[in-house]
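Protein chains in written order, with this note's numbering: chain A, 3 to 131; chain B, 3 to 131.
Glycine included, C-beta positions come from ideal geometry on N, C-alpha and C.
Heads up: the structure comes next, in structure tokens.
There are 2 protein chains.
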Amino acid sequence: MKIAEVSEQYGISPDTLRYYERIGLILPVNRNKNGIRDYNEMDVKRIEFVRRMRSAGLSIEALSQYMGLLQQGVETFEARKKILTAQRDLLVLRMEEMQKSLDMLNFKIRIYENAELGKDLKIAKEKSQ
Amino acid sequence: MKIAEVSEQYGISPDTLRYYERIGLILPVNRNKNGIRDYNEMDVKRIEFVRRMRSAGLSIEALSQYMGLLQQGVETFEARKKILTAQRDLLVLRMEEMQKSLDMLNFKIRIYENAELGKDLKIAKEKSQ
DNA sequence: TCTTGACTTGGAGTGAACTCCAAGTGCTAA
DNA sequence: TTAGCACTTGGAGTTCACTCCAAGTCAAGA
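Below, the structure written as structure tokens:
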């Protein structure tokens, strides 16, 4: 799979994909005889994971750490789990915060709706007189 | 209320509070005779709102727009509601994305937990022989 | 054969949101 | 009255995460 296809499939620009490789967030991708990147299934799976996690707000730093450990075999299991659970806990906190903000937004929106209703009622009242 | 107290209370640095004022995200705050900012209840309420919304990921741009309209009286009700509902919808989308990421994270964590369990079982098995 | 287009590289540039800094002012406590 | 501290300002610097650029290579199609 070439960079353009991967880019298309996951909505990550080729520049970003190369950037991820450059900073070590994803492993160096195999090249064909012309030096063109040829992403294999494993690469693509990892990119999918990274995309998901980035879209949830995980930092590149945390992901880089995790992806690094992935390369170092079974003895890093515990460390990997630690990173993932820490990130999971952070994510849950962020979501709780967001829920509070959502409630606040909905509350305010309801106020605007009621205000409109009030206006309508006033208009209706005026018309009825 | 002085800037240090507001900063303390909402976990926003004095620099950030001044920055918000500078870019028009919050109104110019009244000063005492020495030119020191003296936040009133209204200021503080707005700061609280901004903090909540920023922590949920709303952009400063969207918030600035909204805060601007707040200053322009009743005829901006509709526009304000529009901004808030648009932001609410964005927020809901983000939260849905995050939920998917959370599911994925939990799934991976469970794998690590099971792997550990497997290791334990293997050890137990070795011991029993 | 020539052009087109996708790719390569290293490095520079961008935008959002802060964060820091230097120089200065003015209350307060010793 | 002098030291210390919290504040003021405008502007510069930082961080994160891309995003763009110039110059070059290569292969396939007209």
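| query | result |
| --- | --- |
| Exposed unless 16 or more other CB atoms sit within 10 angstroms - verdict on Asp105 (chain B) | exposed |
| CB-CB length for Met100 (chain A) against Met55 (chain B), believed under 8 Å | In fact, because the Cβ distance is near 10 Å, the residues do not count as touching under 8 Å. |
| CB contact check: Ile38 (chain B) to chain A, cutoff 8 Å | no |
| Alpha-carbon to alpha-carbon, Ala117 (chain A) and Gln131 (chain A) | For Gln131 (chain A), the predicted model reports a pLDDT of 49, less than 50, meaning its position is unreliable and no value from the coordinates is stated. |
| Residue from A:Leu95, A:Val94 and A:Met69 whose Cα sits closest to the Cα of Lys83 (chain A) | A:Met69 |
| For Val94 (chain A), the nearest candidate out of A:Gly59, A:Gly75, A:Pro16 and A:Gln74 (CA to CA) | A:Gly59 |
| Cβ of Asn116 (chain B) within 8 Å of any chain A Cβ | no |
| Interface positions of the region 74-93 of chain A facing chain B (Cβ-Cβ less than 7 Å), listed along the chain | Phe79, Arg82, Lys83, Leu86, Thr87, Gln89, Arg90 and Leu93 |
| Chain A within 8 Å of Ile28 (chain B), Cβ atoms only | no |
| Assigned secondary structure, Ala117 (chain B) (DSSP; H/G/I helix, E/B strand, else coil) | helix |
| Nearest-angstrom beta carbon gap, Ile25 (chain B) and Ser66 (chain B) [assumed within contact, 8 Å] | 7 Å |
| Pairwise C-alpha distance: Gln73 (chain A) and Tyr12 (chain B) | 42 Å |
| Cβ of Ser103 (chain B) within 8 Å of any chain A Cβ | yes |
| Proximity test, Cβ basis, 8 Å: Glu7 (chain B) and chain A | no |
| Buried or exposed (CB count within 10 angstroms, at least 16 for buried), Asp45 (chain A) | buried |
| Proximity of Leu107 (chain A) and Arg53 (chain B) at Cβ, strictly below 8 Å | no |
| Candidates A:Glu10, A:Val8 and A:Ala64: closest to Ala88 (chain A) by CA position | A:Ala64 |
| Same chain, Cβ closer than 7 Å to Ile5 (chain B), neighbours up to 5 away in sequence not counted | Pro16, Leu19 and Arg39 |
| Those residues which DSSP pairs with Arg33 (chain A) across a bridge | A:Arg39 |
| CB of Ser57 (chain B) within 8 Å of CB of Ser57 (chain A), strictly | no |
| Distance, Glu115 (chain B) Cα to Ile14 (chain B) Cα | 38 Å |
| Under 9 Å by beta carbon: chain A residues contacting Glu100 (chain B) | The sequence as given places Met at residue 100 (chain B); Glu does not occur at that position. Within chain A, the residues near Met100 (chain B) are Ser57, Ala58, Gly59, Leu93, Arg96, Met97 and Met100. |
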